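One structure is given here, and the rest of the page talks about it.
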Amino acid sequence: MKILLDTADIDFIRKTNDTYVIDGVTTNPSILAKQKIDYVDVLQEIRCILSDEKTLHAQVVNQDAEKIIEEAEFLHNTFQGNIYVKIPVIPEGYKAIKYLTERNIKVTATAVFTPQQALMAAKAGASYVAPYVNRIDNISGNGVNVVADIVTIFQTYHFQTQVLAASFKNTEQIQKICLAGAQAVTVNEDVFSKLFSHPLTDWSVNTFTEDWQKTYGQKIMSD
Ligand SMILES: O=C[C@H](O)COP(=O)(O)O
């Protein structure tokens, strides 16, 4: 199961990459725009933090196939190695995905809301599809079921395309996505912090320390 960070916050990426095992970073135009500096510099810095085997997913902003292809080739050439170009599953996007994957440029098909869109992206050659779990839930859909259906379709028809589930509001969605068989999730800072912590863990550890100190009267951490 791969866990990626859905952010362009350099400090957060660096800190998290130092402490936990993460498998890459995903961005989109909204995420990059928040940084308010040149997006190429931001992506370059993220690429430097990540070791070579970790994946960087960067999204195009154009909506016309020709321009999407131009942008994708730029991203591919600039951030060589494990770069996946995120392309939305609009009609012009499918056209670009087909063109680019035939030329060995790796694509993550994004803004996926239905299993049918995922199927069409897989047929076009996408390496990953990114269904938006919480955005599906927000329109009274069931994001987890959409992911589960995509996983089943890909397994049934032997597609190599993997599911990189995105858009999460809570860790329960992530747990269910794991159980549904998705290969990867991308998680924002807020939800990521809840993946590894629990107040009762902190309480338990503090109690152990206090009990120890009561008996032995030593400052444990001072040495
Ligand atoms: O790139 C897409 C994002 O992962 C969507 O996440 P969001 O719904 O939390 O903005």
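Read left to right, the sequence shown gives residues 141 to 363 (the working numbering). All C-beta atoms in this analysis are idealised placements derived from N, C-alpha and C, irrespective of residue type, glycine included. Fair warning: this is a prediction, and the values are worked out from it, not measured in the lab.
Inter-residue CB distance, residue i and residue j (contact presumed, cutoff 8 Å)
i, j, result
"R243", "I189", "Actually they are not in contact, since the Cβ atoms of R243 and I189 sit about 28 Å apart, beyond 8 Å."
"L144", "D163", "6 Å"
"I227", "T250", "7 Å"
"F253", "I276", "6 Å"
Segment limits, beta strand (DSSP E) that includes residue i
i, result
"K226", "I223 to P228"
"G164", "G164 to T166"
"V252", "V247 to V252"
Element boundaries [alpha helix (DSSP H), containing residue i]
i, result
"Y356", "P339 to Y356"
"T159", "I150 to T159"
"Y297", "Careful: Y297 lies outside any alpha helix (DSSP H) and carries neither H nor E."
"K238", "P231 to E242"
"A205", "A205 to T218"
"E193", "Premise fails: E193 is in no alpha helix (DSSP H) and is neither H nor E."
Residue i vs residue j beta-carbon contact at 7 Å
i, j, result
"T326", "T166", "yes"
"V303", "Q323", "yes"
"T311", "K334", "yes"
"I317", "A305", "yes"
"E185", "I150", "yes"
Residues bridged to residue i (per DSSP)
i, result
"A306", "Y272"
"I143", "V325"
"T311", "Looking at the DSSP assignment, T311 forms no beta bridge with any residue, so it has no partner."
"Q199", "K226"
- Does the segment 192-199 come close enough to the segment 275-283 to have 3 or more Cβ pairs within less than 8 Å? no
- Task: Specify whether the segment 252-259 and the segment 206-219 touch according to this definition: at least 3 beta carbon pairs, one from each stretch, less than 8 Å apart.
- Result: no
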